[in-house]
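Engineer: Per this note's numbering, the very first residue in the sequence shown carries number 21; after that it's consecutive. Ideal Cβ placement from N, Cα and C applies to all residues, glycine included. The structure presented is a predicted model; accordingly, all values stated were derived computationally and were not measured. Submitted below is the structure of interest, expressed as structure tokens.
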Amino acid sequence: MAGFLPWRSEQAVFAAGRWAYVLESETMRRLGICPGSFDPPTLGHVDVIERAARLFDEVIVAVGVNNSKRPLLSTEQRLAAVKAATAHLPNVRADSFSGLLVEYAASQNAGAIVRGLRATADFEYEFQMAMVNRRLSDKLETVFLMTKWEHSYLSSSIVREVALLGGDYRGMVHPAVADIVAAALSST
Ligand code: PNS
């Protein structure tokens with residue numbers, strides 16, 4: 021019949037289309053990026069990364085390098101800390117980036133940025149950052165995940181302050197991260 025392919029050709033086109041669909045859905049891995057300063061990564065960060073690892077096929081924890089800030093931990097120490105704290109998560113890897121987050125995300129073919137929210141106080145800063153990132157790249161979504169209640173008071177700056185003043189911060193971070201913080205403190 022005019023306009024139609026012979027039966028066998030139609031079957032072949034259908035099979036090829038189905039195969040392409042299966043191939044695409046198997047090769048299109050959902051990649052999420054958890055960006056942050058991680059100076060140091062806290063148990064709250066780890067909790068959010070664990071949640072992201074359940075939602076995405078692959079997660080990159082991206083340590084931001086900001087030359088205008090003077091962090092307690094060097095980029096290498098922050099990377100080592102993130103790696104140690106997430107070593108139990110097989111689909112999570114750590115990397116560092118400088119410049120715009122949206123450009124880094126595009127370079128990795130990531131579909132989403134994942135950020136943790138502890139309380140309403142975080143919302144304004146996070147909302148602003150999400151809006152700026154959306155303005156810069158409409159293809160990238162920002163997803164917010166709530167931390168566990170028991171980690172809702174934790175922040176990197178609290179850990180740094182307690183550590184610098186000689187307090188006990190060991191329950192606030194992964195043990196390997198605590199050792200990295202202790203080493204950084206002893207060399208300052
Ligand atoms: O843990 P932090 O300090 O809240 O993380 C902030 C970070 C690193 C995610 C943010 O400063 C960032 O994305 N920096 C990269 C520069 C950028 O893209 N700026 C535009 C969006 S605000």
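DSSP has residue 55 in a bridge; who is on the other side?
Structural biologist: Here the question's residue 55 lines up with position 35 in the sequence shown. BP columns for residue 55 point to 82.
Engineer: Is the Cβ of residue 116 closer than 8 Å to any Cβ of chain D?
Structural biologist: Absent from the structure: chain D. Only one protein chain is present.
Engineer: Give the straight-line distance between the Cα atoms of residue 138 and residue 29, rounded to the nearest whole angstrom.
Structural biologist: Taking the first residue of the sequence shown as 1, we reach residue 138 at position 118. Taking the first residue of the sequence shown as 1, we reach residue 29 at position 9. Roughly 57 Å separates the two Cα atoms.
Engineer: Kindly provide the chain-ordered list of residues whose Cβ lies closer than 6 Å to any non-hydrogen atom of the ligand PNS.
Structural biologist: Every residue passing the under-6 Å Cβ criterion appears here: 55, 56, 57, 84, 120, 121, 149, 152 and 153.
Engineer: Over the uninterrupted beta strand (DSSP E) stretch that includes residue 161, give me the two end residues.
Structural biologist: To locate residue 161, count along the sequence shown from 1; it is residue 141. 161-166 is the extent of the beta strand (DSSP E) around residue 161.
Engineer: Give the DSSP-derived three-state secondary structure of residue 117 in the structure shown.
Structural biologist: Here residue 117 corresponds to residue number 97 of the sequence shown, with the count starting at 1. Residue 117: strand per DSSP, three-state reduction.
Engineer: Alpha carbons only, please: which of 49, 92, 134 and 90 is nearest the one belonging to residue 56?
Structural biologist: Working through the sequence shown from its first residue, we reach residue 56 at position 36. Of the listed residues, the one whose Cα sits closest to residue 56 is 134.
Engineer: Nearest-angstrom Cα distance between residue 121 and residue 91?
Structural biologist: To locate residue 121, count along the sequence shown from 1; it is residue 101. To locate residue 91, count along the sequence shown from 1; it is residue 71. Approximately 19 Å between the Cα atoms of the pair.
Engineer: Mapping the DSSP letters down to three states, classify residue 137 as helix, strand or coil.
Structural biologist: As a first step, residue 137 is located in the sequence shown; it is residue number 117 there, counting from the start. If DSSP states are grouped into helix, strand and coil, residue 137 belongs with the strands.
Engineer: Looking only at its own chain, which residues have a Cβ that is under 6 Å from the Cβ of residue 132, when we skip the five neighbours before and after it?
Structural biologist: To locate residue 132, count along the sequence shown from 1; it is residue 112. Excluding positions up to five away in sequence, the list reads 52, 161 and 163.
Engineer: Across which residues does DSSP place residue 112 in a beta bridge pair?
Structural biologist: Along the sequence shown, read from residue 1 onward, the residue named residue 112 stands at position 92. Paired residues: 79.
Engineer: Starting from residue 199, follow the alpha helix (DSSP H) in both directions and report where the run begins and ends.
Structural biologist: Here residue 199 is taken as the residue at index 179 of the sequence shown, counted from 1. Here the alpha helix (DSSP H) through residue 199 covers 195-206.
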